[in-house]
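Worksheet: the structure to be examined is printed underneath.
Numbering (full-length UniProt numbering), first residue to last: 1 to 476.
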């Protein structure tokens, strides 16, 4: 278990090196052992067959008659095969003896014991004996061939002696080959592992570049594809999270505004309800001036109508806030402004005011028509309600896709201009209906413009002038 854990802790390059070097070393030892055991035996077998064939050839020549050169033929045969050769008659008379044989006189007795027509390998040597008819001397003879095997045993001893050198060379070549092999194979794997670790840490700035169409290149392309897809997925998730956080913040803001709005509504509705309640009770019980029912019924009706108008505005605002789908389209802005202005001509005449429209050119904007119309309607109505007597209301339509609604009014300062967008906010703290509306006009404008999203708005004050700026997104 310990060795297994140790092996598992080794890097891929070291594993490849150890395995490759071990395989090369073991293979070399096996091959050398096989050569040591098999080669001498194979060589002896081949040599024996060669000597047998050579013997058959020399016998064939002697049987046919080699003439006076027969001694030269036999000497050449003896020299080529490193053999000791004797030729004797059937009665033991020596006809020929090679130089090798003469160096070993005892060999004649050995060969005399070999029976004719036998091919025989002695325990240590190769020995062949065969009877034939020697034509040149006209007698039946026996040729005896003896090849010492000592030369082959010398080969074994030489192989054993050079074994350390061969092992050293084999180990050196094996280690070098294993190192080169492990480096070449492990380099792309280590690179892939490095990039994979970076991907696991969500770092996608590095890519694998391996050419070819082998498994390494295919794996690299797959990892690159995974990295790209993962990066795109994470980016999309981050964008989705940002949108979700934005939506949550919007929802929180909207919820806060809704709570504040409900508080403001409860306060705003309390006054007319209290007035109506007091007037009706006074008329029921004929208290003081409330005995004049006709007079106070009219006042109660006016209060009810004001309350009705307020409730109507609240209901419309709730509808706009619940409506989340915008229907944007090309709108002729100049024509829409004139349409809204004309709808308030009665109020314009009633208050003796004059609305002047200044336009550069006809503009087409991409927006929700109903929202833009409601915004313009509230702004123009607000201007008519709060502008000073005997002054003009100016509406400028600029070719930079902006609208300015300008009117002259008092009591608005830089300190309270941001409060204008709060629900039910009135500059006149007495909340006299004769000096203004219900305080929802600019709150509704802000709510609608925030919901629309791509229409910018702000308020400027300039020497008693109240300037409301609308800037539309340029229509491409």
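Using N, Cα and C, we set each Cβ at its ideal position, and we do this for glycine too. All values reported here derive from a predicted model rather than from experimental measurement.
- If you check the CB distance, residue 125 and residue 147 come in under 9 Å.
- Per the DSSP secondary-structure output, residue 98 pairs with nothing in a beta bridge.
- Taking a C-beta distance under 9 Å as the contact criterion, residue 337 and residue 403 qualify as a contact pair.
- Per DSSP, reduced to three states, the secondary structure at residue 354 is strand.
- Per DSSP, residue 292 lies in no beta strand (DSSP E) segment and is marked neither H nor E.
- Under the 10 Å beta carbon count, residue 195 is surrounded by 16 or more other beta carbons and is classified as buried.
- The beta-bridge partner set that DSSP reports for residue 145 consists of 85 and 128.
- Secondary structure note for residue 441: its alpha helix (DSSP H) is the uninterrupted segment 441-452.
- The distance from the Cβ of residue 269 to that of residue 375 is about 25 Å, inconsistent with a contact at the 8 Å cut-off.
- Under the 8 Å Cβ criterion, the region 348-364 counts as touching the region 382-399, having at least three qualifying pairs.
- The alpha-carbon of residue 460 is positioned some 5 Å away from that of residue 467.
- DSSP places residue 342 within a helical segment (H, G or I) once states are collapsed to three.
- Taking a 10 Å sphere around the C-beta of residue 226, we find fewer than 16 other C-beta atoms and assign the residue as exposed.
- In the three-state reduction of the DSSP assignment, residue 421 falls in the helix class, which pools H, G and I.
- In the DSSP assignment, residue 458 falls within the beta strand (DSSP E) that extends over 456-462.
- Below 8 Å, enough C-beta pairs join the region 183-203 and the region 213-228 to call them touching: three or more.
- Between residue 309 and residue 276, the gap from beta carbon to beta carbon reaches 9 Å or more.
- The three-state secondary structure of residue 402, taken from DSSP, is strand.
- Under DSSP, residue 329 takes part in a beta bridge, and its partners are 367.
- Within the model, the alpha-carbon separation for residue 75 versus residue 44 is close to 22 Å.
- When only Cα atoms are considered, residue 408 and residue 385 end up about 11 Å apart.
- If you ignore the 5 residues before and after residue 474, its C-beta comes within less than 7 Å of the C-beta of 401, all in its own chain and listed in chain order.
- Beyond the five residues adjoining it in sequence on each side, residue 207 comes within less than 8 Å, by CB distance, of 195, 224 and 227 in the same chain, given in chain order.
- In terms of Cα proximity to residue 253, the closest of 363, 451, 419 and 370 is 451.
- At a Cβ-Cβ threshold of 9 Å, residue 389 and residue 352 count as neighbours.
- 382 is the residue among 445, 259, 382 and 411 whose C-alpha sits nearest the C-alpha of residue 347.
- Pairing residue 160 with residue 24, the inter-Cα distance amounts to about 20 Å.
- DSSP places residue 470 in the uninterrupted beta strand (DSSP E) bounded by 465-471.
- In the DSSP annotation of this structure, the continuous segment of the alpha helix (DSSP H) that includes residue 80 starts and ends at 70-80.
- Between residue 205 and residue 182, the alpha-carbon positions lie close to 28 Å from each other.
- Distance between residue 272 and residue 311, taken at the CA atoms: about 12 Å.
- Annotation for residue 194: the continuous alpha helix (DSSP H) segment containing it runs 163-200.
- Looking at the DSSP output, residue 306 bridges to nothing.
- The C-beta distance from residue 455 to residue 367 rounds to 7 Å, short enough to fall under 8 Å.
- Annotated three-state conformation of residue 251 is helix, per DSSP.
- Straight across, the Cα-Cα distance linking residue 279 with residue 296 is about 7 Å.
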